[in-house]
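Taking it in order: structure first as structure tokens, then the write-up.
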Amino acid sequence: RVAEALNRQEFAVTLDSLGESVSSEADAHRAAEIYHQLLDLIAARKLNAHISVKLTQVGLELSPALAESITLSLVRHAQATSNFVRIDMEGSTLTQQTLHIVRRVHAHSDARGSIGVVIQAYLYRSQADVEQLLADGIRIRLCKGAYKEPPEVAFPDKTDVDSNFILLGCMLLDSSIHHALATHDESMIAAINAYAQQHQIEPSSFEFQMLYGIKRDLQRKLVREGYKVRVY
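The opening residue of the sequence shown carries number 2 in our numbering; numbering runs sequentially from there.
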């Protein structure tokens with residue numbers, strides 16, 4: 002119902018069956034089945050929606066091979082139904098494994114283009130990760146990052162996180178790939194829009210993403226101004 006209501010308002014949506022770590026392979030497959038059902042329902046109802054998945058929900062902490070197998074199955078299903086799977090990013094201890102699986106799945110010819118991943122701007126490593134993902138042609142959802150991370154791996158100061166978000170966001174806009182900028186921060190949105198206008202980047206070539214119910218007026222304002230908005 003949420004997807005249909007938002008679709009009528011010209012928002013795109015991404016649907017997440019909430020949950021993270023699972024304790025058994027059976028639980029991982031049960032979580033995956035919900036996403037397979039969502040992909041079929043999205044196709045049947047012709048909704049402007051895709052899905053977002055956490056790899057720990059499909060068994061990453063039990064077996065990376067299990068998580069990769071389930072992810073490949075979901076992405077193949079998405080490609081067959083003209084859809085897309087966004088792999089969410091979790092804590093920094095899982096970043097490398099997550100990116101490894103995304104890149105391996107994307108390398109399959111029947112999955113390429115139907116999988117993307119989240120990059121967190123507060124991690125020091127993120128610029129190098131963005132450069133690699135862009136070289137691979139993988140779609141990115143950029144966010145600031147929400148996990149508690151030590152200063153050894155993440156910027157501790159908000160001003161540095163904000164600066165890195167803008168730096169990475171501009172890198173995404175300069176690429177020829179459709180990316181997503183996930184923020185409710187109006188100053189970040191203004192900076193990205195200013196860069197896009199300065200470099201004559203079409204609003205249709207990227208999208209903003211926000212959580213359902215947060216800053217609805219801003220979401221509607223961006224849509225009225227011709228920007229794409231996807232509600233999570």
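Glycine included, every Cβ here is placed at the ideal spot set by N, Cα and C.
Check, Outcome
"Start-end ranges of the alpha helix (DSSP H) lying completely within the segment 199-226, minimum 4 residues", "217-225"
"Contacts around R113, its chain only, beta-carbon distance under 6 angstroms, and the 5 residues preceding and following it disregarded", "H107"
"Buried or exposed (CB count within 10 angstroms, at least 16 for buried), G60", "buried"
"Residue(s) in a DSSP beta bridge with R140", "G117"
"Beta-carbon proximity check, T57 vs E34, cutoff 8 angstroms", "no"
"Beta strand (DSSP E) segment containing A13, residue limits", "13-16"
"Nearest neighbour of M184, chosen from T160, D41, Q210 [CA to CA]", "According to the sequence as given, residue 184 is Thr; it is not Met. Of the candidates T160, D41, Q210, the one whose C-alpha sits nearest the C-alpha of T184 is Q210."
"Beta-carbon proximity list for H51, same chain, < 6 angstroms, skipping 5 on both sides", "T15, N84, F85"
"Test item: CB-CB of I120 and V131 under 8 angstroms", "yes"
"Euclidean distance between Cα positions of R142 and D28", "27 angstroms"
"Rounded distance between the beta-carbons of Q80 and D111, thought under 8 angstroms", "6 angstroms"
"Coarse secondary structure for M127, derived from DSSP in three states", "A quick correction: the sequence has Ser, not Met, at residue 127. Helix."
"Sequence-distant residues of its chain with Cβ nearer than 6 angstroms to S18 (five each side left out)", "I35"
"Whole-angstrom distance between G170 and A122, CA atom to CA atom", "9 angstroms"
"Candidates D175, Y213, R221: closest to Q201 by CA position", "D175"
"Backbone secondary structure at A197 - three-state DSSP", "helix"
"Pick from E208, R140, I193 that is closest to Y233, judged by C-alpha positions", "E208"
"Residue range of the unbroken beta strand (DSSP E) whose run includes L182", "180-183"
"Rounded separation between R225 and A197 - CA only", "17 angstroms"
"Under 8 angstroms between C-beta atoms of E91 and L63", "no"
"Residue interval of the beta strand (DSSP E) (run including K229)", "229-232"
"Member of G138, D41, S93 whose CA lies at the smallest distance from the CA of R104", "G138"
"Beta-carbon gap between R231 and A191 smaller than 8 angstroms", "no"
"Beta-carbon contacts of F156 that lie in its chain and below 6 angstroms, excluding the five residues immediately before and after", "Y123, V162"
"Same chain, Cβ closer than 7 angstroms to L40, neighbours up to 5 away in sequence not counted", "I52, H78, A79, T82, N84"
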